[in-house]
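Using the working numbering, the first residue of the sequence shown is number 9, and each one after it goes up by one.
Worksheet: one structure, shown below.
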Amino acid sequence: MDASKYNRGQEKLSEFVKNDQAESGYGKPLLGRILGEKFNLLDSKLEEALAYQREKGGRLGEVLLHLRLLREEELLEGLAQQFEMSWMPQLESTNVDHELIKKVPIAFCRRYRVLPLRYEEGAILVASTDPLETVALDDLRLLLGKPIKPVLTTGVALLACLNRTYDTVASPAGAEQVMEDIAASESLDQLAHELDEPQDLLDATDEAPIIRLVNSVLFQAVRQRASDIHFESFERGLVVRYRIDGVLYPVLTPPKHLQASIIARLKIMAGLNIAEKRLPQDGRFAIRTAGKDVDLRVSVLPTSHGERVVLRLLEKENRLLNLSEMGFSGERLSAIHQLIQLAHGIILVTGPTGSGKTTTLYAALSHINAPDKNIITVEDPVEYQLLGIGQMQVNPKINLSFAAGLRSILRQDPDVIMIGEIRDRETAEIAIHASLTGHLVFSTLHTNDAASAATRLIDMGIEPFLVASSVVAVLAQRLIRRICPDCKQPYKPSAVELSRLDLAPGSSVTLYRGAGCAACSQTGYRGRTGIFELMVLDDEIRRLIGSKADSTAIKQAAIAKGMVTLKQEGAERVIQGHTTMEEMMRITQQEIEV
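This is how it looks when you write it as C-alpha cells:
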C-alpha cells in the first residue's frame with residue numbers, strides 16, 4: 009500500500025493512537041490495541057513503532073508498514089475493525105453492478121481509490137482503501153443519489169477489480185466489431201494526427217475506424233498479457249498475431265485493403281516515415297491502458313507483399329523478479345548466490361532468444377547491487393532501468409559496439425560488468441581479459457545447453473586455456489508455461505509418458521493439464537517459469553575444455569558431478585504439476601530426441 013495515499017486525510021487518525029492503553033476522545037478502540045489482540049503485535053514492537061513515530065512523526069499505520077512490523081492486509085483489517093467497517097480482502101468483478109460503474113468515471117475511482125460495488129440494503133456498497141476518505145464518498149453519494157456504505161479492502165485488490173470491471177464495461181470496441189464498422193464506412197484512409205501524450209485506451213474517444221481498430225488490438229494485447237504483436241502482410245490479407253507466454257496465436261485477419269492504413273497508423277504513432285516503404289525502420293511509442301503504462305518498440309520490415317510490423321510490449325509497472333522468484337530449486341539457488349558474489353570470473357547464461365536470459369542477469373545484478381560496488385552494463389537495448397547501476401546502450405550507427413563499449417567500461421573502474429551478449433571474438437577476448445584482471449563479468453550466449461558454451465567460445469577463436477581459466481559457471485535456461493490454475497485437471501499418465509519421465513511402468517503418479525478457460529484464453533496455460541541447467545566448472549571440466557573436448561564429453565562429465573539437465577528439471581516440473589508433458593517436450597525437444 010502506498011503510504012502517502014493511504015494517509016490521505018488521516019489527520020484525525022493520530023488522535024486515535026496517542027497511546028495504546030486508553031480510548032480516544034472519539035470513543036473508538038485504539039489501533040495499537042486492536043493490532044496487538046488480533047495479530048499478536050508485541051508490546052515491544054508497538055513501543056518501537058511509537059518511539060519512531062515520536063522521533064520522525066507520521067501516523068502509526070505508516071510507521072508500522074515502514075518498519076515492516078505489519079503487513080498491509082493486517083493493518084487494513086485492523087482499521088476496518090476500529091472504524092466498524094466491513095473487511096473485504098478480495099473483490100470479484102462478477103459481483104460489481106455494471107450500471108453503477110457506467111455512472112462513475114474511471115479516473116475518479118483511480119484517483120481516490122474507491123469503487124462502487126452494488127446496491128445492498130438500501131445503500132450502495134463502495135470499496136475503499138482509506139477509512140477516512142469521506143470527500144470522495146460524499147461525491148459518490150451526490151453523484152449516485154443513494155446512501156453510501158463503505159467497505160475496506162487492499163489497494164491491490166481494488167485496482168485489480170477496478171481494471172477488470174472497466175475492461176468489460178468501458179473498453180474499446182472489440183477488433184471484430186471495429187472491422188464491421190470499417191466495412192460500412194465510406195472513407196478508409198482517414199488517420200488522426202499523432203498522439204501528443206499517451207492516454208488511457210479505456211478513455212479513448214477517437215471515432216476514426218482505423219484508430220479504433222489499432223487501439224482495440226493494442227488494448228486486447230495488454231489484457232491478454234502478450235509480449236509481442238505481429239502485423240504480417242501476405243498476398244491475400246493481413247494477419248495479426250499475439251505472442252503469449254512464448255507462443256504465437258492468430259487473433260485477427262483484416263482484409264487486404266486495410267493493410268496500408270493500419271500500418272500507416274502504427275508508423276505515425278511510432279514517429280516513423282510513412283512515405284518510406286522500401287527500408288526497415290525502428291521506433292517506439294507509449295500507451296496507457298487499464299491503468300498500465302506500456303512502452304512499445306516498433307520494427308517495420310518491407311516484404312514482397314507489403315510491410316510487416318512487430319511491436320514489443322514492455323509494461324513499465326512490471327517489477328524485476330528477484331532470483332528466488334525465478335523457479336530455481338533451493339540447492340541451485342544457493343549455488344547461484346555463491347557464484348554471483350565471486351570477485352572475478354565469467355558467468356554465462358545461455359539459451360535461445362526469449363528464454364529469459366536478460367531477466368536472470370538483471371535479477372543477479374539487483375541481488376549484488378550495493379553502494380560499495382561499481383556495476384556497469386553494456387546492452388542492446390537497455391530494457392529496464394536499474395537504480396544504482398550504470399547502463400550503456402549499443403549504437404551501431406556511431407560504431408558503439410559491445411566491444412567498443414566494453415573497452416570504455418574497463419576505464420571506469422568497475423567491479424562488475426554485464427555484457428548483453430558475446431557475439432564475436434573481439435567482445436569475447438575483452439570479456440576474458442576483464443575477468444582475468446579482477447572483474448566479475450556476466451554475459452549471455454546463444455547455445456542449446458550449458459556444455460556448448462565453452463565450445464562456442466573456442467569456435468569464435470578464443471584459446472581453450474583462456475576459456476578454461478576465465479569461465480566459472482554456465483547457466484542454460486528455458487521458459488516453460490505453467491498450467492492455468494483455474495482450469496487445472498488431473499489425469500493418469502500413459503506408459504509412454506511414464507517412460508519419458510524416466511518412471512517405472514505402473515508408477516502411481518498423477519499428472520495435470522489445463523482444460524482451457526476464459527482466464528487463460530482457452531489455452532490451458534497462464535504464466536511461465538524457468539527451468540535451468542547449471543554447470544559449475546571444476547578441475548576436470550577445465551581440463552576437458554583445455555584439451556578441446558567436444559560438448560558431449562563436457563556434458564557427461566558435468567552430469568557425473570551432479571548437474572541436473574534441462575530435460576530432468578522439465579520432468580520434475582511435470583511430476584510436480586507445474587506444467588504438462590506436452591509443454592516439457594516442446595521446450596526440451598532437443599534433449600528428448602534420440
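The beta-carbon is built from N, C-alpha and C at its ideal position, and this holds for glycine as well.
Here the structure is a predicted model, which is why all the values come from computation and not from measurement.
Exposure label - F116; buried when at least 16 CB within 10 Å | exposed
Please name the residue in I406, D421, P472 and D457 whose C-alpha comes closest to that of A436.
-> From the listed residues I406, D421, P472 and D457, the smallest Cα separation to A436 is found for P472.
Give the straight-line distance between the Cα atoms of Q29 and D494, rounded to the nearest whole angstrom.
-> Residue confidence is low: Q29 scores 33 on pLDDT, short of 50, so the model does not pin down where it sits. No coordinate-derived value is stated.
Selected residue, minimal CA-CA separation from I595, among K569, G538, A557 and K563 | The shortest C-alpha separation from I595 is found at G538.
What are the boundary residues of the alpha helix (DSSP H) that includes L54?
-> D51 to K64
Assigned secondary structure, H238 (DSSP; H/G/I helix, E/B strand, else coil) = H238: strand per DSSP, three-state reduction.
Cβ shell of E205 (< 7 Å), same chain only, five flanking positions each side left out | Low confidence applies here, because E205 scores a pLDDT of 43, under 50, leaving its location unreliable; read the following figure in that light. No residues qualify anywhere along the chain.
Look up G83 in the DSSP assignment and say whether it is helix, strand or coil.
-> The sequence shown places Leu at residue 83, rather than the Gly named in the question. Helix.
For the stretch 155-162 and the stretch 127-134, state whether three or more C-beta atom pairs, one from each stretch, are separated by less than 8 Å.
-> yes
Per-residue burial, A523 [other beta carbons within 10 Å of its own, 16 or more giving buried] | exposed
Beta-ladder partner(s) of E387, from DSSP = Q401
Endpoints, alpha helix (DSSP H) assigned at R431 = Here R431 belongs to no alpha helix (DSSP H), and DSSP marks it neither H nor E.
For L322, the nearest candidate out of G66, I276, V390 and V308 (CA to CA) = Checked all of G66, I276, V390 and V308; the closest Cα to L322 is V390.
In the DSSP assignment, find the alpha helix (DSSP H) that holds E284 and state where it starts and stops.
-> In the DSSP annotation of this structure, E284 is not part of any alpha helix (DSSP H), being labelled neither H nor E.
Span separating the alpha-carbon of L196 from that of L274 | With a pLDDT of 34 at L196, under the threshold of 50, the predicted position of this residue should be treated as unreliable, though the coordinate-derived value follows. Cα to Cα, L196 sits roughly 15 Å from L274.
Please state whether DSSP places A484 in a helix, a strand or coil.
-> strand
Alpha carbon of Q228 to alpha carbon of R486, nearest angstrom = 27 Å
For M334, collect the residues of the same chain with a Cβ closer than 7 Å to its Cβ; drop the 5 residues on either side in sequence, then sort them by chain order.
-> T368, A371 and G538
Who are V308's beta bridge partners in DSSP?
-> Q289 and V317
So, L151 versus K111, is the Cβ gap smaller than 8 Å?
-> yes
Mark L266 as exposed unless 16 or more other C-beta atoms lie within 10 angstroms of its C-beta, in which case mark it buried.
-> buried
Exposure of V122, with buried meaning 16 or more beta-carbon neighbours within 10 Å | It is buried - the Cβ of V122 has at least 16 other Cβ atoms within 10 Å.
Which residues in the same chain have their Cβ closer than 6 Å to the Cβ of S193, if we skip the five residues on either side of it in sequence?
-> Residue placement at S193 cannot be trusted, given a pLDDT of 44 that sits under 50; what the coordinates show is reported in the next sentence. Closer than 6 Å at Cβ, skipping near neighbours: P217.
Cα-Cα separation between M571 and M543, rounded to whole angstroms = M571 and M543: Cα-Cα distance of roughly 6 Å.
Looking only at C-alpha atoms, which of T531, E434 and L226 sits nearest to A294?
-> L226
Reducing DSSP to helix, strand and coil, say where I276 ends up.
-> helix
Return helix, strand or coil for A135, following the three-state DSSP convention.
-> strand
On the premise that D105 lies in contact with Y127, defined as a C-beta separation below 8 Å, what is that separation, rounded to the nearest angstrom?
-> 7 Å
Which partner residues of T591 appear in the DSSP bridge assignment?
-> It is Glu, not Thr, that sits at residue 591 in the sequence shown. DSSP lists no partner for E591.
Excluding the five sequence neighbours on either side, which residues of its own chain have a C-beta within less than 7 Å of the C-beta of I438, listed in chain order?
-> A411, L414 and R415
Taking I406 and I384 to be in contact with their CB atoms under 8 Å, please state how far apart those CB atoms are, rounded to whole angstroms.
-> Actually they are not in contact, since the Cβ atoms of I406 and I384 sit about 19 Å apart, beyond 8 Å.
Measuring alpha carbon to alpha carbon, tell me which of A272, D290 and M277 ends up nearest A283.
-> Residue A272 is the option with its Cα nearest to A283.
8 Å Cβ shell around G245 - same chain, five flanking residues per side excluded = T261, P262, P263, K264 and Q267
Using the Cα positions of L210 and G578, report the straight-line distance between them to the nearest angstrom.
-> In this predicted model, L210 has a pLDDT of only 49, less than 50, meaning its place in the structure is not dependable; the value taken from the coordinates is given anyway. Rounded to whole angstroms, the separation of the alpha carbons of G578 and L210 is 40 Å.
What residue does the beta strand (DSSP E) around H69 start on, and which one ends it?
-> One detail in the question is off: residue 69 reads as Gly in this sequence, not His. Element bounds for G69: not the beta strand (DSSP E) but the alpha helix (DSSP H), L68 to H74.
Since L160 sits in a beta bridge, which residues does DSSP pair it with?
-> Per DSSP, W95 and S136.
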